[in-house]
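A.B. asks:
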Amino acid sequence: MAGMNAVDLIRRKRDGEALSAEAIDWLVQSYTRGEVADYQMSAFLMAVLWRGMSRAETVALTLSMLHSGVELLVREHLTPVADKHSTGGVGDKVTLAVAPLVAACGLPVAKMTGRGLGHTGGTVDKLESIGGLRTELSQSEFLDLLSKHGLALSAQSSELAPADGKMYALRDVTGTVESIPLIAASIMSKKLAVGPSHLLLDVKVGSGAFMKNEQDARQLAETMVRIGIDAGVRTVALLSAMEQPLGRAIGNALEVAEAVDILRGAGPADVTEICLHETATLLAMAGLVADEAEGHASAERAIRDGSGLAKLAEVVAAQGGEAAQIEDTSRLPVAPVRETVPAPQSGYIAAIDAEHIGMASVHLGAGRQRKGDPIDHAVGLMLLAKVGDHLEAGAPLIEVHARTAEQAQSIRAELLSAYIWSEQPPLTSPLLLGSVSS
Ligand code: URA
21 MAGMNAVDLI
31 RRKRDGEALS
41 AEAIDWLVQS
51 YTRGEVADYQ
61 MSAFLMAVLW
71 RGMSRAETVA
81 LTLSMLHSGV
91 ELLVREHLTP
101 VADKHSTGGV
111 GDKVTLAVAP
121 LVAACGLPVA
131 KMTGRGLGHT
141 GGTVDKLESI
151 GGLRTELSQS
161 EFLDLLSKHG
171 LALSAQSSEL
181 APADGKMYAL
191 RDVTGTVESI
201 PLIAASIMSK
211 KLAVGPSHLL
221 LDVKVGSGAF
231 MKNEQDARQL
241 AETMVRIGID
251 AGVRTVALLS
261 AMEQPLGRAI
271 GNALEVAEAV
281 DILRGAGPAD
291 VTEICLHETA
301 TLLAMAGLVA
311 DEAEGHASAE
321 RAIRDGSGLA
331 KLAEVVAAQG
341 GEAAQIEDTS
351 RLPVAPVRET
361 VPAPQSGYIA
371 AIDAEHIGMA
381 SVHLGAGRQR
391 KGDPIDHAVG
401 LMLLAKVGDH
411 LEAGAPLIEV
421 HARTAEQAQS
431 IRAELLSAYI
441 WSEQPPLTSP
451 LLLGSVSS
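Using this note's numbering, the first residue of the sequence shown is number 21, and each one after it goes up by one.
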């Protein structure tokens, strides 16, 4: 577009000006074509992080990112068809359990999913712990899997919202993740491109989430729900706590194994509660059950009768993965070093800072510190005690799964600094904090 230039738009956003839809679209499309440099987009993203965006700008950014690529619109091939997305947390393996549970209950799930961002893990990185599993699927493969198995688990296609692919990788390494308009546009451009009929968003709140307080999380939830509904997608957002890591496992293969435990009915209580709730909500949203109570019963049945786990194994096999690793998770990649960190004192665990724990797992190699860094799928952490547990000094606190003994040693202080101890049992807060539906 004549007259537009990146430096001018960066300056205007830096100075707090609201940009027109045309200006935002020019910047996003020029960046996607490689005509605006990474360093300019980084500066723009930082300006947005500081200055924010109006609702109109956020919608314009979302639509521009959506229109940067093709639209799959799965609901035109199959209806109803669901998608679920978490804004990201530590130990959040919910998608790995909920997607097969929902599909096993008869509601197809079209899941395109991202890589780890900052201190949070990504479902594709977790899935790639499974030997042979192909997550780079063409659109026709994705649709084919969906119609045959009622479930497809794919990396975010680079053809869908490619602007987000580029911006997401840049934000991960430039400290520009924690922004309501950037997160809303990132998530919703991808979701609208996939185009389910029903979308459940899990907006995480707390130290391990990008939104540190409930007010910001609610604003993010409302922004995304409005964008979804305006685009014709039945959208609900849950708000859920991410103060301490979810479940016990943090790290890619370890989280796949814990998702399998959940599907076997042997998962930790907190993450299982979220999985049952999300499955029930999606089934009720799509009208497959009369209400959430019935949805809950269906989810529990799919755990009890093994159909959720069978669905995961079926889709892993269909995507070329070793289903035997799902049936027997001891066959997933294993770290050579396993060390237990003991409790440094006696008392109740009053808090476990999820962001600290997430960063410690990144430092082990479970996440990326620089764009494109490889992931070590085997490394990670097992929390042997959670908030509210009482331990004696010296009792096992955390199991570190590392590539080398030096690596395990190097994160000890960082890990222990995540813990707050108390002599009194702490007050525990609820995991599910509410929902936004319109
Ligand atoms: N998840 C996304 O897909 N995008 C973000 O910006 C944050 C979390």
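For each residue, glycine too, the CB sits at the ideal point set by N, CA and C. Remember, predicted model here, so these are calculated numbers, not experimental data.
1) State yes or no: is the C-beta of residue 107 nearer than 7 Å to some heavy atom of ligand 1?
2) Taking the beta carbon of residue 25 as the centre, do at least 16 other beta carbons fall within 10 Å, making it buried, or is it exposed?
3) Quick one: does the C-beta of residue 188 sit closer than 7 Å to a heavy atom of ligand 1?
4) So within the segment 148–194, which uninterrupted alpha helix (DSSP H) runs reach at least 4 residues, ignoring any that extend past its ends?
5) Measuring CA to CA, which of 116, 301, 320 is closest to residue 311?
6) Going residue by residue through the segment 190–237, where are the continuous alpha helix (DSSP H) segments of at least 4 residues, counting only ones entirely within it?
7) Can residue 69 be considered in contact with ligand 1, in the sense that its beta carbon sits closer than 7 Å to one or more heavy atoms?
8) Check residue 89 in the structure and name its three-state DSSP category.
9) Just tell me which of 128, 28, 40, 145 has its CA closest to the CA of residue 387.
10) Between which two residues does the alpha helix (DSSP H) harbouring residue 118 extend?
11) For residue 329 versus residue 280, is the C-beta spacing smaller than 8 Å?
12) Quick check: the Cα distance between residue 215 and residue 132, rounded to an integer number of angstroms?
13) Which residues in the same chain have their Cβ closer than 7 Å to the Cβ of residue 334, if we skip the five residues on either side of it in sequence?
14) Straight-line CA distance for residue 52 to residue 186?
15) Taking 7 Å as the cut-off, is the CB of residue 147 close to at least one heavy atom of ligand 1?
16) In the DSSP assignment, the alpha helix (DSSP H) including residue 52 goes from what residue to what residue?
17) Just to confirm, does residue 203 get its C-beta within under 7 Å of one of the non-hydrogen atoms of ligand 1?
18) Among the residues of its own chain, which have a CB less than 7 Å from the CB of residue 149, if the five just before and after it don't count?
19) Can you name, in chain order, every residue of its own chain whose Cβ lies under 7 Å from the Cβ of residue 268, other than the five neighbours on each side?
20) Can we say the segment 154–168 touches the segment 232–251, given the rule of at least three CB pairs closer than 8 Å?
21) Less than 8 Å between the CB atoms is what I'm expecting for residue 252 and residue 180, so what's the real figure, rounded?
22) Quick one: what does DSSP say residue 255 is sitting in, helix, strand or coil?
23) Return the CA-CA distance between residue 336 and residue 347, expressed in angstroms with no decimal places.
24) Thinking C-beta only, is residue 363 closer than 8 Å to residue 411?
25) DSSP on residue 250, reduced to helix/strand/coil?
26) Which of helix, strand or coil does DSSP assign to residue 358?
27) Consider the C-beta atom of residue 215 and the heavy atoms of ligand 1; say whether any pair is separated by less than 7 Å.
28) Closer than 7 Å to a non-hydrogen atom of ligand 1 - does that hold for the CB of residue 248?
29) Out of 213, 134, 305, 415, which one is the CA nearest neighbour of residue 361?
30) Am I right that residue 341 and residue 152 are in contact with their C-beta atoms under 8 Å? What's the rounded C-beta distance?
31) Evaluate contact between the segment 192–212 and the segment 99–108, counting only Cβ atoms and requiring at least three cross-stretch pairs below 8 Å.
32) Find out if the Cβ-Cβ distance for the pair residue 349, residue 204 is shorter than 8 Å.
33) What are the boundary residues of the beta strand (DSSP E) that residue 455 is part of?
34) For the beta strand (DSSP E) holding residue 372, just list the boundary residues, first then last.
35) So does residue 64 have its beta carbon nearer than 7 Å to some heavy atom of ligand 1?
36) In angstroms, rounded to a whole number, what distance separates the CA positions of residue 331 and residue 427?
C.D. replies: This is what the structure holds:
1) Residue 107 sits at position 87 when you count from the first residue of the sequence shown. The answer is yes for residue 107.
2) Within the sequence shown, residue 25 is the residue found at index 5, counting from 1. Answer is exposed; the Cβ neighbour count stays below 16.
3) Locating residue 188 in the sequence shown gives position 168, where the first residue counts as 1. Yes; taking the cut-off as 7 Å, the Cβ of residue 188 has a heavy atom of ligand 1 nearer than that.
4) 159–169, 182–192
5) Here residue 311 corresponds to residue number 291 of the sequence shown, with the count starting at 1. In this structure, 301 is the residue among 116, 301, 320 with its C-alpha nearest to the C-alpha of residue 311.
6) 200–214
7) Position 49 of the sequence shown, counting from 1, holds the residue named residue 69. Residue 69 Cβ: outside cutoff for every heavy atom of ligand 1.
8) Residue mapping note: residue 89 aligns to position 69 of the sequence shown, counting from 1. In the three-state scheme derived from DSSP, where H, G and I count as helix and E and B as strand, residue 89 is classed as coil.
9) Taking the first residue of the sequence shown as 1, we reach residue 387 at position 367. Selected option, being the one with the closest Cα: 145.
10) Here residue 118 corresponds to residue number 98 of the sequence shown, with the count starting at 1. Residue 118 -> alpha helix (DSSP H) spans 114–124.
11) Counting from one through the sequence shown, the residue named residue 329 turns up at place 309. Counting from one through the sequence shown, the residue named residue 280 turns up at place 260. Contact check for residue 329 against residue 280 passes: the beta carbons are separated by less than 8 Å.
12) Counting from one through the sequence shown, the residue named residue 215 turns up at place 195. Counting from one through the sequence shown, the residue named residue 132 turns up at place 112. Rounded to whole angstroms, residue 215 and residue 132 show a C-alpha spacing of 11 Å.
13) Taking the first residue of the sequence shown as position 1, residue 334 is located at position 314. Correct list, in chain order: 169.
14) Counting from 1 along the sequence shown, the entry for residue 52 is found at position 32. Counting from 1 along the sequence shown, the entry for residue 186 is found at position 166. Cα to Cα, the separation comes out at about 7 Å.
15) Within the sequence shown, residue 147 is the residue found at index 127, counting from 1. False, no ligand heavy atom lies under 7 Å from that Cβ.
16) Indexing the sequence shown from 1 puts residue 52 at position 32. First-last of the alpha helix (DSSP H) with residue 52: 41–52.
17) Position 183 of the sequence shown, counted from the first residue, corresponds to residue 203. Checking the Cβ of residue 203 against ligand 1 gives yes.
18) The residue labelled residue 149 in the question sits at position 129 within the sequence shown. Around residue 149: 272, 273, 276, 352, 353, 397.
19) The residue given as residue 268 occupies position 248 in the sequence shown. Closer than 7 Å at Cβ, skipping near neighbours: 278, 288, 402, 403.
20) Contact fails between the segment 154–168 and the segment 232–251, because fewer than three Cβ pairs, one in each stretch, are under 8 Å apart.
21) For this step, residue 252 is matched to residue 232 along the sequence shown. For this step, residue 180 is matched to residue 160 along the sequence shown. Between the beta-carbon of residue 252 and that of residue 180 there is about 17 Å, and that puts the pair past the 8 Å contact cut.
22) Position 235 of the sequence shown holds residue 255. In the displayed model, residue 255 falls within a strand according to three-state DSSP.
23) Start at 1 with the first residue of the sequence shown, and residue 336 comes out as number 316. Start at 1 with the first residue of the sequence shown, and residue 347 comes out as number 327. Answer to the nearest angstrom: the Cα atoms are 11 Å apart.
24) In the sequence shown, residue 411 corresponds to position 391, counting from 1. In the sequence shown, residue 363 corresponds to position 343, counting from 1. Yes; because the gap between Cβ atoms is below 8 Å, this pair is in contact.
25) Stepping through the sequence shown from its first residue, residue 250 is reached at position 230. In this structure, residue 250 counts as helix in the three-state DSSP scheme.
26) Translated into the one-based positions of the sequence shown, residue 358 becomes position 338. Residue state, collapsed to three classes: strand.
27) What you label residue 215 is simply residue 195 of the sequence shown in a count that begins at 1. Not under cutoff, so the answer is no.
28) Counting from 1 along the sequence shown, the entry for residue 248 is found at position 228. Flag unset: Cβ of residue 248 not near ligand 1.
29) Numbered from its first residue, the sequence shown carries residue 361 at position 341. Checked all of 213, 134, 305, 415; the closest Cα to residue 361 is 415.
30) On the sequence shown, residue 341 is found 321 positions in, with the first residue counted as 1. On the sequence shown, residue 152 is found 132 positions in, with the first residue counted as 1. 5 Å between Cβ atoms; contact.
31) yes
32) For this step, residue 349 is matched to residue 329 along the sequence shown. For this step, residue 204 is matched to residue 184 along the sequence shown. Against a cut-off of 8 Å, the Cβ pair of residue 204 and residue 349 comes out as no contact.
33) Taking the sequence shown and counting its residues from 1, one reaches residue 455 at position 435. That run of the beta strand (DSSP E) goes 452–456.
34) In the sequence shown, residue 372 corresponds to position 352, counting from 1. 367–372 is the extent of the beta strand (DSSP E) around residue 372.
35) By one-based count along the sequence shown, residue 64 stands at place 44. Answer for residue 64: no, Cβ out of range of ligand 1.
36) Translated into positions along the sequence shown, residue 331 becomes position 311. Translated into positions along the sequence shown, residue 427 becomes position 407. Residue 331 and residue 427: Cα-Cα distance of roughly 37 Å.
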